[in-house]
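Notes to accompany the following structure.
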DNA sequence: CTAATTTATGGGTAATAGTGGGTAATTATC
DNA sequence: GATAATTACCCACTATTACCCATAAATTAG
C-alpha cells in the first residue's frame, strides 16, 4: 500500500488564479477522513505548514486541554488557531493559499513543498536557500544530542 | 535461501527512460513487508543511499519523537526526510531515480551499486574512484580505533 | 553440453500528473 | 437589488509515469 507519510521535495509555481499544486503523492497519503483537505497555517520558520485534517483535529483536541484562565495558554491557543485555514483541493489537486499566509512565507510565485512525515512544509525557494546556509546548520553536538533524544523514551 | 543482507558490487547503466536495474540479489533480500520498495536518499558522501521500506519506517518512527518546537530538531527531521523517496521497482526490477538525487551523486549514465549489509550505496563510477584514492584510505590507527569500537558494547 | 530459467535491457501504450483556462455560482460592493 | 469581484466547478492539453510485452544475455539445472 505504499507509505502514508509525507516525504520528498517538490517544486511548483502559483498560477494566475493563485492556485498551487499539491504533490499527487501527498494527496494519496491523506486518509479518507481528511476529506481532501489540508489545514495550512504559519510555520515557526519563515514558511507555511500543512497538516491533514485528521492531524489538525488532534491538535485541536490538545489545544482544548489548555486553561482558558492562564494568559500564556490563551496566547498559545490563539497563535495556533488564528492563521489555520482548511483548504480542500480541487479536482486537479490544487489549493488556493490565502495571500496573508503567502506573505508570511514571502512566497510570490515559486514554491518548494517538503514532506516532513506527518506534516508538510511550504517554502519560497530563495528563503529556503537562505535558511540552509544559516539556520539549518547542525554541528556534531546538535546531532549527538538529537541522536540521544530519539534513542531514549 | 541466501542471506537477507546486501553484499557485493554491481554495475548498471541508466536507460533512456531514466531507469536503473536493482541487483536481483538485493531484490530478493527485501522482506515482504517492504512491498518491493526501497527508500533512496542523499548519502553523506557524494552518493546515494537506499534502505528497505521497513528500515525507513523505523527511521520515521524515531524522527517522529523529535520536538516540533525546537529548531534543531526540525532541521534534523527536515534534512532526513527532504530527499527521501520511496521507489517501487517495476516488474523487471528497475527503479526511476529522480533527477535531483542523481545530481547530488553526480550520476549521469553509469552506476555502481554497493551492498552495505543493511543499506545500499549508489555511486557514479568516477566519483567512487576519486573517493577510493582519498577519503577511503584508512591507516593502522583508524582500523584499531574501529576494532575497539565494535568490541565494546 | 544443452535446455530451461532467470536476469538485464529496450520499448509501446494506457493512465496519471501537472498546467491553463472558461464559465457558472457565490459573495461582496455600492 | 443590480453589478462587480471572487470562488468553485468543469473541461482540455501536454508531459511524465506506470504498466505491459518482448528479446538477448547470463545463469542454473539436468
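Chains as they are written, first to last, in the working numbering: chain U, 3 to 155; chain H, 3 to 155.
Where a beta carbon is used, it is the ideal one built from N, C-alpha and C, also for glycine.
No experiment lies behind these values; they were computed from the predicted model shown.
Query: Residues bridged to residue 23 of chain H (per DSSP); Result: H:96
Query: Extent of the continuous alpha helix (DSSP H) run through residue 108 of chain U; Result: From DSSP, residue 108 of chain U is part of no alpha helix (DSSP H); its letter is neither H nor E.
Query: Beta-ladder partner(s) of residue 114 of chain U, from DSSP; Result: U:13 and U:125
Query: Residue 87 of chain H - containing alpha helix (DSSP H), residue span; Result: It is not in any alpha helix (DSSP H) - residue 87 of chain H instead sits in the beta strand (DSSP E) that spans 87-90.
Query: 8 angstroms Cβ cutoff met for residue 87 of chain U and residue 41 of chain U; Result: yes
Query: Residues near residue 114 of chain U in its chain [Cβ-Cβ closer than 6 angstroms; skip 5 each side]; Result: 13, 125, 127 and 130
Query: Status (buried if at least 16 other CB within 10 Å, exposed otherwise) for residue 11 of chain U; Result: buried
Query: C-beta neighbour in chain U for residue 85 of chain H, strict 8 angstroms; Result: yes
Query: Pairwise C-alpha distance: residue 138 of chain U and residue 78 of chain H; Result: 8 angstroms
Query: Contact list for residue 152 of chain U against chain H, beta-carbon separation under 8 angstroms; Result: 64, 65, 67 and 68
Query: Cα-Cα separation, residue 20 of chain H to residue 93 of chain H; Result: 16 angstroms
Query: Under 8 angstroms between C-beta atoms of residue 122 of chain H and residue 51 of chain H; Result: yes
Query: Which listed residue (U:53, U:54, U:81 and U:55) has its alpha carbon closest to that of residue 65 of chain U; Result: U:81
Query: Runs of alpha helix (DSSP H) wholly within the region 30-80 of chain U (minimum 4 residues, chain order); Result: 55-66
Query: Residue 32 of chain U versus residue 8 of chain U - alpha carbon distance; Result: 9 angstroms
Query: Residue of U:143, U:35, U:5 and U:49 minimising C-alpha distance to residue 63 of chain H; Result: U:5
Query: Cβ distance (whole Å) where residue 85 of chain H is taken to contact residue 43 of chain H below 8 angstroms; Result: 5 angstroms
Query: Assumed close pair residue 61 of chain H, residue 120 of chain H - CB separation to whole angstroms, cut-off 8 angstroms; Result: That belief does not hold up - the Cβ atoms of residue 61 of chain H and residue 120 of chain H are roughly 12 angstroms apart, past 8 angstroms.
Query: Proximal residues to residue 133 of chain H (C-beta, below 7 angstroms), its chain only, five neighbours per side dropped; Result: 47
Query: The region 124-140 of chain U: positions lying closer than 7 angstroms to chain H by Cβ; Result: 137, 138 and 140
Query: Cross-chain neighbours of residue 116 of chain U in chain H, by beta carbon under 7 angstroms; Result: 80 and 84
Query: Close-in-space but distant-in-sequence residues of the same chain around residue 112 of chain U (CB under 6 angstroms, 5 per side omitted); Result: 15 and 127
Query: Helix, strand or coil at residue 138 of chain U according to DSSP, with G and I counted as helix; Result: coil
Query: CA nearest to the CA of residue 59 of chain U, picked from U:73, U:36, U:91 and U:49; Result: U:36
Query: Cα-Cα separation between residue 76 of chain H and residue 142 of chain U, rounded to whole angstroms; Result: 16 angstroms
Query: Residue 97 of chain H to residue 49 of chain H span [Cα, whole Å]; Result: 16 angstroms
Query: Pick from H:29, H:69, H:140 and H:148 that is closest to residue 90 of chain H, judged by C-alpha positions; Result: H:29
Query: Exposed unless 16 or more other CB atoms sit within 10 angstroms - verdict on residue 26 of chain U; Result: exposed
Query: Test item: CB-CB of residue 83 of chain H and residue 118 of chain U under 8 angstroms; Result: yes
Query: Chain-ordered neighbours of residue 120 of chain U on chain H, where CB pairs are closer than 8 angstroms; Result: 66
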